[in-house]
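So in the UniProt record's numbering, spot 229 of the sequence shown is number 229, and the numbers just go up one at a time.
Quick reminder that beta carbons are idealized off the backbone N, C-alpha and C, glycines included.
The next block holds one structure in the form of structure tokens; read it before the comments.
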Amino acid sequence: MTNTQIDPERYWPAWLASLVVHGLLLMTAVLVVGRLPEGAADQASRSVGIVLRSEQSDGQSDADHENPDPAPPTEAASPNPAENATPDAALPTESSAAAAAAFLPKPVGPGPAAAQSPGVGSAAEMTEGGAAGGGRPQGGKARVEVFGVVGEGSRFVYVFDRSVSMNGPPLSAAKRELLQSLESLDTVHQFQIVFFNHRLTAFDLSGGQDRVAFADDASKQEAARFVGGISADGGTDRYSALAQALAYGPDAVFFLTDADDAMTRSEIERIIDRNRRAGAAINTIEFGDGPRRSERNFLTELAARTGGSYGYVDVTTLGR
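The following block contains the structure:
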């Protein structure tokens, strides 16, 4: 049997050859991994994320099919919202705004045809004793006149002189004008009548409560009876009559008298001061004997300082 000897310099040990082979394989793997494009791992994870989102969407669709009532939308938690958000996702779109509006509560309560507030009655609900709660009627304004002097508003007070100087045709003509003026008022308007000499005589349907009447047919008939019973006598107290008229809270006052024995400066200023609170237009009608003799007097001043109108009547023409 022949013994073959191996030259140790010619052949490598087996363990060394294995070490070399494994080292080469390891280096090759490192080079391959190092040359992979950046973000490949992210792309793989994103692919998995898309699949998971699709599965959740399918699950939600099944849940919606089983339960028709939609649940309020919830936001998914994100460890870093700034990294996941994109510029397009940061801004709300019209479709997302419309979807969000579907979950907003609808307005509750009366719309344009709101219910009437408590304590404010309509004209039909108010009695002839006055407006509910002391307020003024809600109807439209009226334009009425006395001897051509026009007043506008919803509440009117007629303050007529019945002193002895008004006896005869002057008082009769004044009564006719007053009743004709009342006929132009509608049921939503209010009126009051005060005749004065040295005392006051006021029309009253409220049993002494000093409330103004609504201009319905019944009130107008009662007013006609009241006016028909007035006669001329006595002296003249204009200040008290005007002060009482303003206490009724009118929009317009028709103040009919003559210019004899004029009101004092103090009386005029007190009336103007009272009227700053009342805010009425004082329309004055002067009865005079013959042509007008003065361009300015206390009657023209009252009208000018309260936004009213002035008129002059020659009583010598009234009996014709």
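The three-state secondary structure of residue 282, taken from DSSP, is strand.
Under the 10 Å beta carbon count, residue 154 is surrounded by 16 or more other beta carbons and is classified as buried. Here residue 239 carries a helix assignment [DSSP, helix/strand/coil].
Under DSSP, residue 193 takes part in a beta bridge, and its partners are 158. Straight-line measurement puts the Cα of residue 163 at about 5 angstroms from the Cα of residue 235.
Proximity to residue 241 across 294, 23, 271 peaks at 271, based on C-alpha coordinates.
DSSP places residue 295 outside both helix and strand once states are collapsed to three, so it counts as coil. Counting C-beta atoms within 10 angstroms of its own C-beta, residue 314 has fewer than 16 neighbours from the protein chains shown and is therefore classed as exposed.
Residue 170 sits buried, since 16 or more C-beta atoms from the chains shown fall within 10 Å of its C-beta.
Here the alpha carbons of residue 159 and residue 274 stand approximately 16 angstroms from one another. With a cut-off of 8 angstroms on Cβ pairs, the stretch 280 to 290 is not in contact with the stretch 214 to 228, counting fewer than three such pairs. In the DSSP assignment, residue 258 falls within the unbroken beta strand (DSSP E) covering 252 to 258.
Judged by beta-carbon spacing, residue 259 lies within the 8 angstroms limit of residue 299, meaning their Cβ atoms are closer than that value. By the criterion of at least three beta-carbon pairs nearer than 8 angstroms, the stretch 138 to 149 is in contact with the stretch 180 to 189. In the three-state reduction of the DSSP assignment, residue 174 falls in the helix class.
Taking C-beta separations shorter than 8 angstroms and ignoring five residues to either side along the sequence, the partners of residue 150 in its chain run 143, 144, 283, 309, following chain order. Counting only the Cα atoms, residue 253 lies some 18 angstroms from residue 140. Minimum Cα-Cα distance from residue 216 among the listed residues 231, 201, 192, 232 corresponds to 192. Residue 151: member of the beta strand (DSSP E) spanning 149 to 153, first to last residue. Per DSSP, the beta bridge partners of residue 142 are 153. Excluding sequence positions up to five before and after residue 306, its CB lies within less than 6 angstroms of the CB of 275, 281, 282, all in the same chain and listed in chain order. Counting only the Cα atoms, residue 301 lies some 17 angstroms from residue 246. Here residue 237 is near residue 198, since their CB atoms are less than 8 angstroms apart. Annotation for residue 313: the continuous beta strand (DSSP E) segment containing it runs 310 to 314.
Cα atoms of residue 318 and residue 296: separation of roughly 23 angstroms, rounded to the nearest angstrom.
Around residue 263, the same chain offers 238, 298 as residues with beta carbons nearer than 6 angstroms, after the five sequence neighbours per side are excluded. Excluding its 5 nearest sequence neighbours in each direction, residue 29 has no C-beta neighbour in its own chain below 8 angstroms.
For residue 202, the enclosing beta strand (DSSP E) starts and ends at 200 to 202.
In this structure, the alpha-carbon of residue 251 lies about 7 angstroms from that of residue 152. Nearest to residue 230 by alpha-carbon distance, out of 161, 157, 255, is 161. In its chain, beyond the 5 residues on either side, 312 have a beta carbon closer than 6 angstroms to the beta carbon of residue 292. Going by beta carbons, residue 257 and residue 214 fall outside the 8 angstroms limit. In the structure shown, the three-state DSSP call for residue 218 is helix.
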